[in-house]
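In what follows, a structure is listed as structure tokens, so that the remarks can point back to it.
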Amino acid sequence: MRDPEDPIPQASRREPWNKGKLTGAKPPLRPKHVWSIRSNLQIEGRTRDLAMFNLAIDSKLRGCDVVCLKVEDVAPHGHAVDRATVRQKKTAQPVRFEMTEQTREAIDDYIRAAKGHADIIRRAKKPGQHLFAGRRGCDRAITTRQYARLVGKWIASIGLDPSLFGTHSLRRTKATLIYRRTGNLRAVQLLLGHKKIESTVRYLGIEVDDALAIAEQIDV
Numbered sequence: 003m004r005d006p007e008d009p010i011p012q013a014s015r016r017e018p019w020n021k022g023k024l025t026g027a028k029p030p031l032r033p034k035h036v037w038s039i040r041s042n043l044q045i046e047g048r049t050r051d052l053a054m055f056n057l058a059i060d061s062k063l064r065g066c067d068v069v070c071l072k073v074e075d076v077a078p079h080g081h082a083v084d085r086a087t088v089r090q091k092k093t094a095q096p097v098r099f100e101m102t103e104q105t106r107e108a109i110d111d112y113i114r115a116a117k118g119h120a121d122i123i124r125r126a127k128k129p130g131q132h133l134f135a136g137r138r139g140c141d142r143a144i145t146t147r148q149y150a151r152l153v154g155k156w157i158a159s160i161g162l163d164p165s166l167f168g169t170h171s172l173r174r175t176k177a178t179l180i181y182r183r184t185g186n187l188r189a190v191q192l193l194l195g196h197k198k199i200e201s202t203v204r205y206l207g208i209e210v211d212d213a214l215a216i217a218e219q220i221d222v
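If you read the sequence shown in the numbering used here, its first letter stands for residue 3, the second for the next number, and so on.
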């Protein structure tokens, strides 16, 4: 039995994982940000990063799904296709997405570079292999942590604070733009692979955005 006069031992305090970090929904990129990042990656000749960035924007996939993409998911016959279908890791539900011409070109350039470069012949992109292999070899995909670090570098390269954005910023970018231009919430729900439209509403934060837009039009 503990002596009442003894001090109560303090439980060891674990440092919160989010200490010093900004949490919450990450904002989407603006079109000018997308073009700036693309331009930087093209100028620097970063073929893989350009293919990954363009594909992340077009596919609207979560980071865990981007890194798990296989060659046959987007280029089943050795070249990128117009539309692809993948099964989401979080929901186990399939989702379809489109790939623009510039994204297809970036993927094709990346695949050709992987096949033609003498130092990475062993990583030549073939069906069954991960599209974006990690440092541990072509049979292992790049990790979500590595992907997040790359996104941070892309963001910082155009003068933005990487702590304000994240991998979900890329997922939200095109979805947000589609909603703002069309107002078609159901289309965005399908493209994001959400089971419930309420999830899409919360994800885009459109109730707040729409309310502010209406308020801005009211002159008292």
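Ideal Cβ placement from N, Cα and C applies to all residues, glycine included.
Annotation: the region 58 to 89 contains the following complete segments of the beta strand (DSSP E) (minimum length 3 residues), in chain order: 85 to 89. Contact between P30 and R174 holds, since their C-beta atoms are separated by about 4 Å, short of 8 Å.
N42 is positioned such that its CB atom lies no closer than 8 Å to that of S165. For P96, the enclosing beta strand (DSSP E) covers residues 96 to 100. Secondary structure in the region 137 to 162: the beta strand (DSSP E) runs of 3 residues or longer, each lying completely within the stretch, are 139 to 143 in chain order.
Of all C-beta pairs linking the region 59 to 67 to the region 145 to 153, three or more are shorter than 8 Å, placing the two stretches in contact. In the DSSP assignment, A135 forms a beta bridge with A143.
In the displayed model, P30 falls within coil according to three-state DSSP, outside both helix and strand.
At least 8 Å separates the beta-carbon of D110 from that of T49.
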